[in-house]
Ligand code: PMP
């Protein structure tokens, strides 16, 4: 009977100071990090009562902790729809997952990546031949660009890096179609699900991808835990990511035999509490997937339509304005610097947005190269999540409309107390 209700987020709303007093904080920065779910806090509280290091012997706490750690892995395994033979490796975050995969690629691997990707997906491949695909203007264009690049660069091992959802525009990439093109050309695909997994069901098999990467702190769990899941062969053939205890089967004076499987790349005492938190979040999101999607679709649509209706505000799309997207909107206000927009929203309205280039400089530069963009070099991003209410969206739209019409009430500087006039 729980489908149709949302999992509750942190129960107390946060009061933040504004120029006019204190207000309930309207957090529009879910695309950066999300607040922990109540069920995540509970799981962490329980785990903190008794724990020890995993896989280190037969002490009771160590055995219990080891079992929790492997149960957490099993939950994540279901969450990403891992196939038989797929590995689920716990990492620190998505950046760490991409760097781990980069270290495991066979020497001759060629990497294909769109310039629109987040730096975590764009940059870790420098030790391999990398082909950067330009910013596509349409879905058809993305397919043509990928097909042509794969055809022009023959070789035995190829990896295509794909975003699930853009962290700049929220647009959902045509994952299945691009993965099918890659597969036909004999290339493997890694899906950056950092922005996708919090909003839509990830299924390795159904999406037709070989690897998936995600971050716990964008999935309503705390910082410090990420995942790389996917095919085992390259991971098992590569040198351990972190050499040390836990990654070895045996060490003698003559040499080391390394583990296979996830343990090979999880050297040192793992972040068990983080894995438990992430698994609790995965469980909640899986249970409430329909309600989550419905909540975000409603508020996301209102947010984007509302911003589009304001004179002097531009919103941005990689594909088309009505392309399927998660609830993220990137915009600029004509004549007002984006850092000033975000400072004013915070100080005057208790609204938290992100300004800048969102670790996707090439993507934002390409989007802002627009005759209507009023020469902005950075943009503002508002992202909806489970802590967002309809009142927050209306407050944001009213505040942006006021800014677009009258400008901010003051110039703001960033001080130790936050943004100050
Ligand atoms: N990929 C995308 C699409 C992202 O939005 C982010 C985080 N902004 C990352 C990768 C990197 O995640 P993390 O900072 O947790 O490593």
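In the UniProt record's numbering, the protein residues as written are 42 to 462.
We put the CB at the ideal spot given by N, CA and C, even for glycine.
Residue from the options with nearest C-alpha to residue i
i	options	result
residue 433	67, 59, 56, 47	67
residue 65	103, 450, 429, 451	429
residue 352	376, 93, 227	376
residue 265	440, 314, 397	314
residue 397	137, 388, 387, 382	382
residue 476	308, 130, 193	There is simply no residue 476 to check, as the chain begins at 42 and stops at 462 in what is shown.
residue 217	209, 205, 200, 342	205
residue 309	401, 370, 284	284
residue 197	240, 148, 180, 158	148
residue 287	154, 87, 318, 107	107
residue 406	156, 225, 81	156
residue 238	261, 230, 361, 219	261
residue 306	387, 139, 359, 393	139
residue 311	71, 420, 338, 95	95
residue 392	410, 296, 425	425
residue 445	388, 365, 354, 362	354
residue 201	193, 207, 172, 348	172
residue 408	372, 235, 242, 390	372
residue 442	455, 248, 366, 348	348
residue 250	257, 232, 258, 259	232
residue 301	257, 359, 289, 159	289
residue 178	358, 389, 402	358
residue 58	78, 226, 389	389
residue 395	71, 160, 62	71
residue 318	326, 97, 263, 275	263
residue 402	161, 77, 55	161
residue 226	291, 135, 236, 195	195
residue 339	243, 431, 169	431
Residue i: first and last residue of the uninterrupted beta strand (DSSP E) it sits in
i	result
residue 166	That residue, residue 166, is in no beta strand (DSSP E); it is neither H nor E in DSSP.
residue 356	354-356
residue 272	267-272
residue 422	420-424
residue 301	Counting along the chain, residue 301 falls outside any beta strand (DSSP E), and DSSP gives it neither H nor E.
residue 90	No beta strand (DSSP E) holds residue 90; the alpha helix (DSSP H) holding it covers 79-90.
residue 408	It is not in any beta strand (DSSP E) - residue 408 instead sits in the alpha helix (DSSP H) that spans 402-409.
residue 255	252-256
residue 370	369-374
Integer-rounded CB distance, given that residue j should sit under 8 angstroms from residue i
i	j	result
residue 316	residue 113	4 angstroms
residue 245	residue 123	6 angstroms
residue 528	residue 144	One cannot answer for residue 528 here, as it falls past the ends of the chain, which runs 42 to 462.
residue 269	residue 142	6 angstroms
residue 184	residue 222	6 angstroms
residue 186	residue 174	5 angstroms
residue 423	residue 437	6 angstroms
residue 427	residue 324	That belief does not hold up - the Cβ atoms of residue 427 and residue 324 are roughly 15 angstroms apart, past 8 angstroms.
residue 399	residue 209	5 angstroms
residue 127	residue 272	6 angstroms
residue 228	residue 199	4 angstroms
residue 367	residue 159	With 8 angstroms as the limit, residue 367 and residue 159 do not qualify as a contact, their Cβ atoms being about 14 angstroms apart.
residue 462	residue 60	7 angstroms
DSSP beta-bridge partners of residue i
i	result
residue 296	293
residue 213	206
residue 68	393
residue 172	153
residue 282	Per DSSP, none; premise fails for residue 282.
residue 132	267
residue 123	Answer is none; residue 123 lacks a bridge partner.
residue 333	For residue 333, which the question treats as bridged, DSSP gives no partner whatsoever.
residue 382	Bridge partners of residue 382: none, in fact.
residue 95	For residue 95, which the question treats as bridged, DSSP gives no partner whatsoever.
residue 348	According to DSSP, residue 348 bridges with nothing at all.
residue 200	152, 229
residue 461	454
residue 62	59
residue 366	212
Where the alpha helix (DSSP H) through residue i begins and ends
i	result
residue 316	313-328
residue 120	101-120
residue 141	135-145
residue 59	Segment 56-59 is the beta strand (DSSP E) holding residue 59; no alpha helix (DSSP H) there.
residue 238	Run containing residue 238: none; DSSP gives neither H nor E here.
residue 191	180-193
residue 260	Careful: residue 260 lies outside any alpha helix (DSSP H) and carries neither H nor E.
residue 433	431-447
residue 245	245-248
Proximity test, residue i beta-carbon vs the ligand COA heavy atom, cut-off 6 angstroms
i	result
residue 67	The ligand COA is absent from the structure shown, which contains only the ligand PMP.
Proximity test, Cβ basis, 7 angstroms: residue i and chain D
i	result
residue 258	Any reference to chain D falls outside this structure, which holds one protein chain only.
**Prompt:** Within the structure, which residues are defined as neighbours of the ligand PMP by a Cβ-heavy atom distance below 5 angstroms, reported in chain order?
**Reply:** One residue after another in chain order, those with a Cβ under 5 angstroms from a heavy atom of the ligand PMP are 134, 135, 136, 159, 161, 208, 233, 235, 236, 256.
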